[in-house]
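Heads up, the thing below is written out as structure tokens.
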Amino acid sequence: MRLNPKTSQKIMRIVLGIATGLTIFILLFIIVFMLSKGIPVLNWEFLSNFPAKMGKAGGILPTIIGTFVLTLVAIVIATPLGVGAAVYLTEYIREGKITKIIRFGAESLAGIPSIIFGLFGFILFVVTLKMGWSILSGGLTLAFMILPTIIRTSEEAIKTVPYSYREVSFSLGATKWETIKKVVLPNALPGIVTGIILGIGRSVGETAAVIFTAGSSLRLPSSLFDSVRTMSVHFYILSREGISMKNACGTAAVLVIFILAMNLTAYWIMHKFTKRNL
Amino acid sequence: MNTIEVKNLNFYYGNFQALKDIGIAFQEKIITALIGPSGCGKSTLLRCLNRMNDLIEGVKISGEVDFKDKNIYSKNIDVVELRRHVGMVFQRPNPFPLSVFDNVVYGLKVHGVTQAFRLEEIVERSLKATGLWDEMKDKLNSIATELPLEQQQRLCMARLVAIEPEVILMDEPCSALDPIATAKIEELMFELKKKYTIVIVTHNMQQAARVSDCCGFMLLGELIEFGTTSKIFTSPDNQKTQDYITGRFG
Ligand SMILES: Nc1ncnc2c1ncn2[C@@H]1O[C@H](COP(=O)(O)OP(=O)(O)OP(=O)(O)O)[C@@H](O)[C@H]1O
Ligand SMILES: [Mg+2]
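For the record, the sequence lines run as chains A and B.
First residue of the first sequence: 1, per UniProt numbering; consecutive thereafter.
First residue of the second sequence: 1, per UniProt numbering; consecutive thereafter.
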């Protein structure tokens, strides 16, 4: 029996609508669930105090600082590398076998589970290079993890800069590097910044890659070679070892809010500038 | 005097020969027009004059292009320096998405002019030279890409004039403009020719007749005839030229 096209059209519409609705519902449910458990815990003391009794009481100040410092180190390392690689791939070498291989490598890197990065970072930085559990080891590991994202978004951004801009620039006697510096990068900036923000979001939320490389010290770090504990690691430890579910949820709420804010900013920048440039 | 002299120029996009044994001379401070049907190689020839074709993959070139008696395709030529002397205006107005001021100073900054008072002075001079000063003097900070097309094209010329080239190459500079704007740009060309050697590619025969002093007619990669505009348009030697200007093909 064949369904009447009008009926099947109606049914498909409903099915697709349900799929969309369900997705949004799940997303909202997770966020609302986390926030409703966490937000009652949040107050100024929670954000500005040191933890007491392994985190059972007190606040989460060092983990906020740890998250911030680690992310900063990762971004500072990954941004020049990633943007540089993207410029090289798009402006200096021709599209061909080599760019395909590099791009394939970067894509694969992006798909590797973060715990593998953690293990890699542990073996390379912590053990072999004797950096120990430290901000530096963790930052480097995170940098490698977010590098593919930064390369790819930067590449996309650079490719949207119209060829005519480069052409004019050359015709006015600018060299390639001047053209890149003065025309290509400024016009690609919104896209590049979006990539960096997405990278920040990923670093902030990362647990597995960090716990193996930056450790879980609750003291304030005084150098790049000190261990720190990030919010996500703190959450993991609090909940896994049954120290305090309440404080775990509070930490999670801070994380979720922060990551949401990051992604919204990225979205906003992307939206605002892509519209203006066209 | 000849500013640019092209001798035995052959040009290939891969295996396709786009220019065949071209010989032509562009004289100082006059307007030379290149006309011919679509695809005959006008833009290609124009872009050979400041080596813009170098940017395209897989091109081959033989022969000579002498700019002030030096072959620009010889090994020891500095392409960046060459383009500073032989500038280009494109078919579509293409200002950068920056302010009017920043557009005009772009080339200057590239060439190392940084003092604010010099930049301001040159911006004023360039905008005056392109007839934009009165309209733009209070709008130097507005975004160039939001101006009307005619003003954008003038601005592109101002940006070029700012670096004081000797030759201005124009590839169908009016094809994106309406007739009134076109007339204004043509007026500007007369003004510019007092100081610059101009080569213009155009599809529009009336335009070539109106603005140019010399004219070259191209067909399928060859230069069929070259001479003064009045001769080409009134008593051409070649039958094909005759057919083209009387509109029998093209
Ligand atoms: N980048 C390129 N690669 C390959 N072939 C090209 C390229 N650019 C132009 N050609 C070919 O070279 C020939 C001459 O092109 P050119 O653009 O110089 O013509 P034109 O006279 O300027 O035409 P139009 O009046 O349409 O602008 C054409 O047949 C064109 O298809
Ligand atoms: Mg053309």
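For every residue, glycine included, the Cβ atom is placed at its ideal position computed from N, Cα and C.
Exposed unless 16 or more other CB atoms sit within 10 angstroms - verdict on residue i
| i | result |
| --- | --- |
| residue 15 (chain A) | exposed |
| residue 155 (chain A) | buried |
| residue 53 (chain A) | exposed |
| residue 177 (chain A) | exposed |
| residue 152 (chain B) | buried |
| residue 225 (chain B) | buried |
| residue 134 (chain B) | exposed |
| residue 73 (chain A) | buried |
| residue 8 (chain B) | exposed |
| residue 141 (chain B) | exposed |
| residue 28 (chain A) | exposed |
| residue 105 (chain A) | exposed |
| residue 1 (chain B) | exposed |
| residue 19 (chain A) | exposed |
| residue 222 (chain A) | exposed |
| residue 116 (chain B) | exposed |
| residue 150 (chain A) | buried |
| residue 113 (chain A) | exposed |
| residue 234 (chain A) | buried |
| residue 187 (chain B) | exposed |
| residue 76 (chain A) | exposed |
Whole-angstrom distance between residue j and residue i, CA atom to CA atom
| i | j | result |
| --- | --- | --- |
| residue 237 (chain B) | residue 244 (chain B) | 12 Å |
| residue 15 (chain B) | residue 264 (chain A) | 51 Å |
| residue 266 (chain A) | residue 198 (chain A) | 7 Å |
| residue 38 (chain A) | residue 219 (chain A) | 24 Å |
| residue 12 (chain A) | residue 3 (chain A) | 12 Å |
| residue 86 (chain A) | residue 136 (chain B) | 38 Å |
| residue 32 (chain A) | residue 24 (chain A) | 12 Å |
| residue 106 (chain B) | residue 98 (chain B) | 10 Å |
| residue 238 (chain A) | residue 36 (chain A) | 18 Å |
| residue 120 (chain A) | residue 217 (chain A) | 21 Å |
| residue 90 (chain A) | residue 232 (chain B) | 46 Å |
| residue 188 (chain A) | residue 158 (chain A) | 5 Å |
| residue 46 (chain B) | residue 19 (chain B) | 11 Å |
| residue 132 (chain A) | residue 70 (chain A) | 15 Å |
C-beta contact flag for residue i and residue j at 7 Å
| i | j | result |
| --- | --- | --- |
| residue 262 (chain A) | residue 200 (chain A) | yes |
| residue 154 (chain B) | residue 103 (chain B) | no |
| residue 61 (chain B) | residue 26 (chain B) | no |
| residue 223 (chain B) | residue 24 (chain B) | yes |
| residue 130 (chain B) | residue 170 (chain B) | no |
| residue 197 (chain B) | residue 44 (chain B) | no |
| residue 214 (chain A) | residue 228 (chain A) | yes |
| residue 134 (chain A) | residue 50 (chain A) | no |
| residue 162 (chain B) | residue 108 (chain B) | yes |
| residue 84 (chain A) | residue 230 (chain A) | no |
| residue 210 (chain A) | residue 96 (chain A) | no |
| residue 96 (chain B) | residue 123 (chain B) | no |
| residue 117 (chain A) | residue 141 (chain A) | yes |
| residue 91 (chain B) | residue 164 (chain B) | no |
| residue 184 (chain A) | residue 161 (chain A) | yes |
| residue 40 (chain B) | residue 220 (chain B) | yes |
Beta-carbon contacts of residue i that lie in its chain and below 8 Å, excluding the five residues immediately before and after
| i | result |
| --- | --- |
| residue 47 (chain A) | 59, 60, 61, 64, 254 |
| residue 278 (chain A) | Residue placement at residue 278 (chain A) is poorly supported in this model, since its pLDDT is 40, which falls under 50; the coordinates are not used for a value here. |
| residue 182 (chain A) | 169, 174 |
| residue 229 (chain B) | 33, 208, 209, 212, 213, 214, 215 |
| residue 41 (chain A) | 246, 247, 249, 250, 253 |
| residue 51 (chain B) | 72, 73, 79, 82, 83 |
| residue 136 (chain A) | 73, 125, 224, 225 |
Closer than 6 Å: residue i CB and nearest ligand 4 heavy atom
| i | result |
| --- | --- |
| residue 70 (chain A) | Ligands displayed in this structure: ligand 1 and ligand 2; ligand 4 is not among them. |
Neighbourhood of residue i by C-beta, 6 Å cutoff - its chain only, sequence neighbours within 5 removed
| i | result |
| --- | --- |
| residue 216 (chain B) | 24, 34, 223, 226 |
| residue 148 (chain A) | 106, 109, 110 |
| residue 53 (chain B) | 47, 59 |
Sequence-distant residues of its chain with Cβ nearer than 7 Å to residue i (five each side left out)
| i | result |
| --- | --- |
| residue 193 (chain B) | 29, 30, 31 |
| residue 63 (chain B) | 7, 8, 9, 10 |
| residue 205 (chain B) | 35, 245 |
* **Cβ-based contacts, 8 Å cut-off: residues of the stretch 134–167 of chain B near chain A** => 156, 159, 160, 163
* chain B contacts from the stretch 86–102 of chain A (Cβ-Cβ distance under 9 Å) -> 94
* At a Cβ cut of 8 Å, what residues of the stretch 176–209 of chain A count as close to chain B, listed as they run along the chain? -> 178, 182, 183, 187
* Asked: Residues in the stretch 95–124 of chain B with C-beta within 8 Å of chain A's C-beta atoms, listed in sequence order?
  -> 96, 97, 106, 107, 109, 110, 111
* To do: Please list the residues of the stretch 24–54 of chain B that have a C-beta atom closer than 7 Å to any C-beta atom in chain A, keeping them in chain order.
  => 50, 52
* Could you run through the stretch 235–250 of chain B and flag, in chain order, every residue whose CB is less than 7 Å away from some CB of chain A? => none
* Using a beta-carbon distance cut-off of less than 9 Å, what residues from the stretch 144–161 of chain A approach chain B? -> none
* Asked: When you check each C-beta in the stretch 164–175 of chain A against every C-beta of chain B, which residues fall closer than 9 Å?
  -> 164, 165, 166, 167, 168, 169, 170, 171, 172, 173, 174, 175
* Given a limit of 8 Å on CB to CB distance, which residues of the stretch 83–95 of chain B reach chain A? -> 83, 84, 87, 88, 90, 92, 94
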